[in-house]
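This report refers to the structure that appears directly beneath it.
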Amino acid sequence: MISKNKMEWKPVEGGLMTRWAKEVKPASALPEYPRPQMVRENWLNLNGLWEYAIREEAVNEVQEYDGEILVPFPVESSLSGVKKPLKPNEKLWYRKTFQIPNEWKNQKLLLHFGAVDWKAEVWINKHKVGEHTGGYYPFSFEITEYSIECENEIIISVWDPTDSNGHERGKQTLHPKGLFYTAVSGIWQTIWIEPVPKQYIKSIRMTPNIDESELLLHVEIEGKIHNLEIEAIVFEDGNKLVIEKGSHTDNINLKIPNPKFWSPDTPYLYDIAVQLVGNGLIIDEVKSYFGMRKFSVERDSAGVKRLFLNNNPLFQNGILDQGYWPDGLYTAPTDEALKFDVEIAKKLGFNMIRKHIKVEPARWYYHCDRLGIIVWQDMINGGGGWNHLHHFILPNLFRSLKVKDDKYKALGRVQKENRDNFKKELKEMIDALYNVPSIGMWVPFNEAWGQFDAAEIADWVRNYDPSRCVDHASGWHDQRIGDIKSIHIYFRKLTMPRHINDRSVVISEYGGYSYHEKDHVWDEERSFGYRKFKTKPTLFAAYKSLIDYQLKPLIYQGVSAAVYTQLTDVEEEVNGLLTYDREIIKMDVDLMNDLNQSCIDSKINSLPSFEK
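Numbering follows UniProt numbering, with no gaps: position 577 of the sequence shown is 577.
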């Protein structure tokens, strides 16, 4: 296997870059442990330089590669060193060699992928070990029987049709413009190998219950399990607090004495070690953490439904965050960059982030857990594309319009296979993120993009994960069910909606005020936003007026949360509080913090209101 162009890696020049891009090196590309809630001591990071080739889809084997690509940056990104589009009639091929450490002999080997967009096929030493479809969720293959002691070869092919079919792809498009962005193809999260014993802990599932001061732990074991038991040890401030033993077939009930609650103000995390024990010996161990917290919808003292955290009403003042980077697209240049977005959201006075139409690497949620910010997690949208009439014009002209979402053609979900895949990936998302303390809301559908059977979907989510709230239809085409009435308002004054139906009201998108910062934009000629300002003082004055005279009065009337659009500019969108390269904060941080904190501090015991 030979590469045509064996050149030293460097980012592709000519586009907007972040300050962290210069820290990216092939020998240390995203070196951090990628799975903070299930940690083992030994692992082998396969990030770095790989050979790559782009070929017609029908090609089944590559003889000569085109050059080198830096994994895990998507092929369309500058940081990949390639920055080429992948067309629907093409495949992206990767090749790398690696050696297994000698001390891993007699152990099983698991090959882990954080995420690959979209259909990945994997070979080890010419043997196909598996394939996976879906661009946002982790998956693994056991490669023990295919590995050898000397040099091993791994080959991966990826086919990604982006928006040319109906699979879940978020805002990716082959033709970026406005609020739709550059496609992301191939490996975009860490790829790594992990040794495990013949019997090992496959997964853990942790459910806190603050009302009973307990943690429910379920452990899934792989391999023969005769005469094995689970031992769980909870640590508080580094000291052993609770030790419980149990079986993998039952939940283990861990009583937490005088629990310290997790919240944005006090994001306390307990450490936990989960051990697989046989004949008094520890066979396998994983380390994790959890937070004692409770998300719910309850009535306040005036009888109005509110969002509650830990049995108290809390106004959730949120910011929309799409997780795009000008140099890495879906992949942050470094872990420090990933953390920066969470830190700046906190500094600006927000206590919640709505993660919009993207699922992040596990380390992003770790930063939210540790720093203390609530997350509303969107499901990735798919379907037959954007219908301007049903997805934009009608909902904005007629806010109370109800479209029955079992009319699959209107909202782009005609194919049953496509609807079934959405359900499969929704479960994958919840499974992957179930243990994250900071996630307080699941959002299956946004603005009716690919929406179908939302009432049924929301019921399934609530039953599968009763520990969180569900916003079944963010924006519009509300089916008038559930605990959340969710609205988007961009083109008119913020007001209370109709048809609340005894639910908690959230303004899940508003604002979108735009300011074009010269020399810090994706495209100097084209920009997109809902209301444009020419100076920063007028931008802040408008934001302050929006908060003081429109949002705050609604908090007293019953609004439980609001999500401002958005944290950063994204490609042609210039409605971020920060520029796309994160260099310029468009409004004073301290003034923003004071203003946003004043919303959170509002006394939200509602004034009497009359439901329309």
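Cβ atoms here follow ideal geometry from the backbone N, Cα and C, with glycine treated the same way.
For GLN189, the three-state DSSP class (helix, strand or coil): Looking up residue 189 in the sequence shown gives position 189. In the structure shown, GLN189 sits in coil (DSSP, three-state: anything other than H, G, I, E or B).
Cβ contact (3+ pairs, closer than 8 Å) linking the stretch 502-509 and the stretch 297-307: yes
Let me know the secondary structure DSSP gives PHE422 once reduced to three states. In the sequence shown, counting from the first residue as 1, residue 422 sits at position 422. The answer is helix: DSSP assigns PHE422 an H, G or I state.
Within the same chain, show all residues whose beta-carbon is closer than 8 Å to that of ASP378, passing over the 5 residues directly before and after it, in chain order. Counted from its first residue, the sequence shown places residue 378 at position 378. Around ASP378: ARG354, LYS355, HIS356, ILE357, LYS358, VAL443, ASN446 and SER474.
Determine whether the beta carbon atoms of VAL589 and LYS402 lie at a separation below 8 Å. One-based indexing of the sequence shown puts residue 589 at position 589. One-based indexing of the sequence shown puts residue 402 at position 402. Between VAL589 and LYS402, the gap from beta carbon to beta carbon reaches 8 Å or more.
Quick check on DSSP: helix, strand or coil for LEU567? Position 567 of the sequence shown, counted from the first residue, corresponds to residue 567. Three-state result, LEU567: coil.
Give me the Cα-Cα distance between PHE610 and TYR366, rounded to the nearest whole angstrom. Translated into the one-based positions of the sequence shown, residue 610 becomes position 610. Translated into the one-based positions of the sequence shown, residue 366 becomes position 366. Because PHE610 carries a pLDDT of 36, less than 50, the predicted location of this residue cannot be relied on, and the following value inherits that uncertainty. Cα to Cα, the separation comes out at about 41 Å.
Pick from ASN227, ILE283, GLU212 and LYS493 that is closest to PRO259, judged by C-alpha positions: Residue numbering aside, residue 259 sits at position 259 when the sequence shown is read from its first letter. Ranking the options by Cα distance to PRO259, first place goes to GLU212.
Thinking just about the alpha-carbon of each residue, which of ASP569, TYR136, ALA345 and GLU145 is nearest to the one in LEU109? Sequence index remark: in the sequence shown, residue 109 carries index 109 (1-based). Comparing Cα positions, the closest option is GLU145.
Quick one: any contact between the stretch 15-24 and the stretch 416-429, if contact means 3 or more CB pairs under 8 Å? no
Looking at the strands, I want to know which residues DSSP matches up with VAL158. Position 158 of the sequence shown, counting from 1, holds the residue named residue 158. Per DSSP, LEU92 and ALA120.
Quick check on the DSSP output: the alpha helix (DSSP H) that includes LEU538 runs from which residue to which? Walking along the sequence shown from the start, residue 538 turns up at place 538. At residue 538 the sequence reads Thr, which differs from the Leu that was named. Run containing THR538: 536-545, per the alpha helix (DSSP H) assignment.
Distance check for GLU428 and GLU417, CA to CA, integer angstroms please. Within the sequence shown, numbered from 1, the residue matching residue 417 stands at position 417. Within the sequence shown, numbered from 1, the residue matching residue 428 stands at position 428. Those two C-alpha atoms are separated by around 16 Å.
Rounded C-alpha distance that separates ALA332 from TYR408: Position 332 of the sequence shown, counting from 1, holds the residue named residue 332. Position 408 of the sequence shown, counting from 1, holds the residue named residue 408. Cα to Cα, ALA332 sits roughly 36 Å from TYR408.
Would you mind sorting ASN42 into buried or exposed? The rule is 16 or more other CB atoms within 10 Å of its CB. On the sequence shown, residue 42 is found 42 positions in, with the first residue counted as 1. Under this definition ASN42 is an exposed residue.
Give the list of continuous beta strand (DSSP E) stretches no shorter than 3 residues that lie fully inside the stretch 223-311. Complete beta strand (DSSP E) runs here, min 3: 228-236, 239-246, 252-255, 270-278, 281-290, 295-299 and 305-309.
Quick one: residues in its chain with C-beta nearer than 8 Å to the C-beta of ASP465, no 5 flanking neighbours on either side, listed in chain order? Here residue 465 refers to the residue found at position 465 when the sequence shown is read from its first residue. Closer than 8 Å at the Cβ level, and outside the excluded window around ASP465, lie ILE430, TYR434 and TRP442.
Sort HIS520, CYS599 and LYS84 by Cα distance to LYS552 and report the nearest one. Residue 552 sits at position 552 when you count from the first residue of the sequence shown. For the residues HIS520, CYS599 and LYS84, the minimum Cα distance to LYS552 belongs to CYS599.
Would PRO537 be called buried (16 or more neighbouring beta carbons within 10 Å of its own) or exposed? The residue given as residue 537 occupies position 537 in the sequence shown. So PRO537 counts as exposed.
Are the beta-carbon atoms belonging to TYR530 and SER514 less than 8 Å from one another? Position 530 of the sequence shown, counted from the first residue, corresponds to residue 530. Position 514 of the sequence shown, counted from the first residue, corresponds to residue 514. In this structure, SER514 lies closer than 8 Å to TYR530 by Cβ.
Are there 16 or more other CB atoms within 10 angstroms of the CB of PRO326, so buried, or fewer, so exposed? Within the sequence shown, residue 326 is the residue found at index 326, counting from 1. Under this definition PRO326 is a buried residue.
Would you mind giving the Cβ-Cβ distance between GLU571 and TYR136, rounded to the nearest angstrom? I have them listed as a contact below 8 Å. For the purposes of this step, residue 571 is taken as residue 571 along the sequence shown, with counting starting at 1. For the purposes of this step, residue 136 is taken as residue 136 along the sequence shown, with counting starting at 1. Actually they do not touch by this definition, with Cβ atoms about 19 Å apart.
For HIS520, does the three-state DSSP call read helix, strand or coil? In the sequence shown, residue 520 corresponds to position 520, counting from 1. Note: HIS520 maps to coil in three-state DSSP.
Suppose contacts are defined by Cβ-Cβ distances below 8 Å. Is MET352 in contact with ASN310 by that definition? Numbered from its first residue, the sequence shown carries residue 352 at position 352. Numbered from its first residue, the sequence shown carries residue 310 at position 310. Not a contact, by the Cβ cut-off of 8 Å.
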